[in-house]
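With numbering that gives the first Met the number 0, letter number 193 in the sequence shown gets 192, and the count goes up by one each step, no holes.
Cβ atoms here follow ideal geometry from the backbone N, Cα and C, with glycine treated the same way.
Note sheet for the following structure.
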Amino acid sequence: MAARAVVLLSGGLDSATTLAVAREEGYACHALSFDYGQRHARELESAKQVAASQGVARHLTLRLDLRAIGGSALTADMAVPKGRSDEAIGEGIPVTYVPARNTIFLSHALAWAEVLGAQDIFLGVNVLDSSGYPDCRPEFIAAFERLANLATRAGVDGTSRFRVHTPLIALSKAQIVARAHELGVDLALTWSCYEPQPDGRACGLCDSCLLRKKGFAEARLDDPVPSAH
Ligand SMILES: [Zn+2]
């Protein structure tokens, strides 16, 4: 029987590619998404479609009310930055940072992994073409992996040695697009935009849209997802 893995699946380009990598490595993938009160809940529709198209063993969507905590342009009434330059995106931590989001997500993934008897958790973070979120860095991932093995019964009694896999962490957005293409990921199903337009298109101007555009342009591929700009 194939080893099980829990794959965090937002429905975006990076998580869809990470899921395809985990499948290629032979894992029986258990995809985990969060309905956390995000402004761009549209991504959950994509997560469902991506999970179905890649034939996961199970797809679970957990509800968490991070809007009650707020503190981010994605979960509170704050404007999403638009039209920023590459340099501006590369500097500092923007208001689209959701406080401790990957710690929260990984904690749930770890709980599910322990119940499933899975030792492997996949997360599609990357540092090169990213918004500079602190919980996407390799130091954070290594620290969480240590915590996972201290915090669980399976870690302490030695039945599991948890690993957090971040196969995209050192790739550029263009390399991620190319890898997705190579693995046959249906990118038309993915959703990256923080501010979906009323007509269903991506905004084309938020940091996430701009990073995605740069990736497709540099990979010399067309983005199948329609964009307003
Ligand atoms: Zn956008």
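Counting the other CB atoms within 10 Å of its CB gives Ile92 a total below 16, which places it among the exposed residues. Leu188 sits in a helix when the DSSP states are folded into three classes. With a threshold of 16 other beta carbon atoms within 10 Å, Pro195 meets it and is buried. Scanning Cys28, Leu109 and Tyr132 for the CA closest to the CA of Arg57 turns up Cys28. Under the 8 Å Cβ criterion, the stretch 177 to 194 does not count as touching the stretch 149 to 160, having fewer than three qualifying pairs. Within 10 angstroms of the beta-carbon of Glu23 lie fewer than 16 other beta-carbons, which makes it exposed. Glu42 has its Cβ no nearer than 7 Å to any heavy atom of ligand 1.
Annotation for Ser207 indicates a beta carbon within 7 Å of some heavy atom of ligand 1.
Nearest Cα to Gly69 within the set Tyr35, Glu138 and Ile168: Tyr35. Around the beta carbon of Pro166, 16 or more other beta carbons sit within 10 angstroms, so the residue counts as buried. Here the stretch 127 to 135 makes contact with the stretch 199 to 214; the two share three or more CB pairs at distances below 8 Å. Annotation for Pro223: Leu186 and Ala187 place their beta carbon closer than 7 Å to its own, counting only its chain and skipping 5 residues before and after. Taking 7 Å as the cut-off, one finds no heavy atom of ligand 1 near enough to the beta carbon of Ala87. Contact between the stretch 105 to 116 and the stretch 0 to 14 is present: 3 or more CB-CB pairs across the two stretches fall below 8 Å. Each residue's CA atom was taken as its position, placing Phe215 and Asp221 some 6 Å apart. In this structure Arg38 is buried. Its beta-carbon is surrounded by 16 or more other beta-carbon atoms within 10 angstroms.
Bounds of the beta strand (DSSP E) holding Leu31 are Ala27 to Asp34. Note that the C-beta distance between Ala201 and Ala173 is not below 8 Å.
In the DSSP assignment, His164 is bridged to Phe121. Ligand 1 has a heavy atom closer than 7 Å to the beta-carbon of Cys192.
With respect to the 8 Å criterion, Phe121 and Ala21 are classified as neighbours on the basis of their beta carbons.
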